[in-house]
Structures are given as structure tokens and as C-alpha cells.
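For the sequence shown, full-length UniProt numbering gives the first residue as 1, with consecutive numbering after it.
Using N, Cα and C, we set each Cβ at its ideal position, and we do this for glycine too.
All values derive from a computational prediction rather than experimental measurement.
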Amino acid sequence: MMKTAVTLCRVPEMAAGPFVFHDELPVAFAKAAACGFDAVELFFAGPDEVPVETIRELCQGHALGVAAIGSGAGMAKHGLSLTDPSQEKRAQALDFILGMVDYGGKLGAPVILGSMQGKWGGEVSRAQGLGFLAAALKHINEAAAKAGVPFLYEPLNRYETNLFNRLAPAAVFLEQHDLQNILLLADLFHMNIEEPDLAAALIEAGPRVGHVHWADSNRLAMGSGHTDSEAVIAALRGISYQRYVSAEIFTNGDPEAAARQTRESTRKFGI
Ligand code: LER
Ligand code: MN
């Protein structure tokens, strides 16, 4: 059975990003629960920002799980990426991610690598960039396995990275480097730009799909654009996907309406 989640961001530098709730935690958890989500996806400034115990209590109080934890603040707030030309910066980026993986492990939640993957260019050749990424993911793969959670690598559209824009080449890369504990985050917004066929891409990636960002083609709540959500759900069912579909979307100034629309968009498929 697939589960539903909604994003909750507490990073001021990411306030304009595609996240549904930005309220303080007790308010945001209450709103997520009231809308009927199974879980929240959390964006914090870093691993020391909110005590694990605080999150556990909020989860228990509202019968919510933690679907995933974003690492975007490492880039947005601290300017860190795993493919930075500077060895020191790359090491800091890796430390940041490992701290997040440790934090996520305590909550049973996978951490996402999105913008912190960076990009190649300038001093860094494509081969070097991919080498930096593989080296970092090797450490992360082991740390996440020890923490008892998978880790999520997210292909992004061409305007955000030049490392991997599509699921299939990313899956090949993970396989080549024997990164068995790293799954793919299929963000339907990025996929709408890059994949010829969303359903076919999901089916090809199969068991590597570990998380879905449930956004319409225009990155608004599902139902606002032209993505064929029925075909996406059929593909996810076809690969026996049992993890989260999570709303990482813009809300046009009305988070609660976007959350409700999102919730209805899967309920109609019995999810
Ligand atoms: C993160 O999940 C994402 O989709 C990126 O667009 C953020 O930079
Ligand atoms: Mn995303």
C-alpha cells in the first residue's frame, strides 16, 4: 500500500521553495494530520536543529510518520555540495549529509540528496564530478545501511543539475558502483521536464524507486497541471511500489487548499 506525505520546511533560506507548510512544528504537524496525510517530509537547517525526541512526540501525538528528510539546507544555507571543486568543501558537504543520515536513522527516515549533489563544470570535468559523487555516495551508502534506512538520490531537471536528469542513467550509475542501499527519488515535476514517458520511466527504474515527489507538471498540487496521475499510479502499482507519494509543491499562497487537493488526488485511487 502506498502512503501519503506532505512537505514541511523550517529553513528561512528555503521559504520560497516548493514546500507546503512553513509553520512552526506543532502547527504544521496538526495541519498535516487534519488533512489526512500518513506522514510529513521534513526540511531543517541541519541535524542539530530539532531534537529527535521533539519529532517523535509530534509524530506520536498526531499519528504521523516521517516519510523523508531533505538535505537542501546544506546548499541553500551553507553553500555545500558533494561535487564542489574544493576538497574541503566536499568534505564538509559529506559531513553534513552523514549527520543528517544519523538523524534520519533515529527517526527511521531516509535522507534525500537533491540540490546538494551540485553539478560539474568549470574546474571540475564531468568524469571528475561523477567520481566525486560516487565517492561520497559510497560513504553515505554504508552509513545509511548502518543506520537502518535507505538513502534517496534525486535526479533533478537540467536547470538544477547536469549530473543525472533521468531515472534510468542514475539507476545504472548506482548499480555500477554497487550502491545497493541508495534508492531513487522520482520527482514527477523534474520527470515531466526530462522523461519522455513518466510511467515508462517508473517501470524501468522498478525496485530502485524509493520515494516519489507528487507534483503536477507545473509543480502545483496534483490536478493543477497536465500530468496523467492515473498512469503514474498504475505504473507505481505495476512495480509494487509501497513507499511514499509526497507533496513537494508550490501552493500559490494557500497551503491548506494545496494540501487538501493533494490529499484528494490520491484518495480517488484508494490511497
Ligand atoms: C528537491 O527535492 C528538489 O526537487 C529540487 O528541485 C530542490 O532543488
Ligand atoms: Mn523533489
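Per DSSP, the continuous alpha helix (DSSP H) segment holding Leu-130 begins and ends at 126-147. Where Ser-246 is concerned, the enclosing beta strand (DSSP E) starts and stops at 244-247. Checking the 7 Å criterion, the Cβ of Ile-112 is within range of a heavy atom belonging to the ligand LER. Here Arg-166 is buried: its Cβ has 16 or more other Cβ atoms, across all protein chains shown, within 10 Å. According to the DSSP assignment, Gly-65 belongs to the beta strand (DSSP E) that extends over 65-70. For Ala-134, same chain residues with a beta-carbon under 7 Å away, outside a window of 5 residues either side, are His-177 in chain order. Under the Cβ criterion (8 Å, minimum of three pairs), the stretch 18-35 counts as touching the stretch 241-261.
Counting of Cβ neighbours within 10 angstroms places Gly-223 among the exposed residues, the total staying below 16.
Near the ligand MN, meaning a Cβ closer than 5 Å to any of its heavy atoms, lie the following residues in chain order: Asp-187, His-213, Glu-248. Membership of Phe-37 in any beta strand (DSSP E) is not indicated, and neither H nor E is assigned to it by DSSP. Every beta strand (DSSP E) of 3 residues or more that sits fully in the stretch 52-103 is shown, in chain order, as 65-70. Not one heavy atom of the ligand LER falls within 7 Å of the beta-carbon of Glu-194. If you draw a straight line from the Cα of Val-11 to the Cα of His-211, it is about 22 Å long.
Here the alpha carbons of Lys-31 and Thr-54 stand approximately 17 Å from one another. In this structure the stretch 143-159 touches the stretch 97-115; the number of beta carbon pairs closer than 8 Å is three or more. The Cβ atoms of Arg-90 and Phe-132 sit closer than 8 Å to each other. Between Met-2 and Ala-73 a beta carbon distance of about 27 Å is seen, past the 8 Å cut, so the two are scored as non-contacting.
Annotation for Gln-92: Leu-80 place their beta carbon closer than 6 Å to its own, counting only its chain and skipping 5 residues before and after. In terms of side-chain proximity, the C-beta atom of Glu-154 is found nearer than 7 Å to a non-hydrogen atom of the ligand LER.
When rounded, the separation of the alpha-carbon atoms in Ser-125 and Gln-87 is 15 Å. Taken from the Cβ of Ser-115, at least one heavy atom of the ligand LER lies inside 7 Å.
For His-190, the enclosing alpha helix (DSSP H) stretches over residues 188-194.
Annotation for Phe-164: no alpha helix (DSSP H) segment contains it, and DSSP assigns it neither H nor E.
In its chain, beyond the 5 residues on either side, Gly-74, Leu-80 have a beta carbon closer than 6 Å to the beta carbon of Phe-96. Taking the Cα of Pro-18 as reference, the smallest distance to any Cα among Gly-238, Asp-187, Leu-198, Tyr-244 is reached at Asp-187.
Within the chosen limit of 7 Å, the ligand LER reaches the beta carbon of His-190 through at least one heavy atom.
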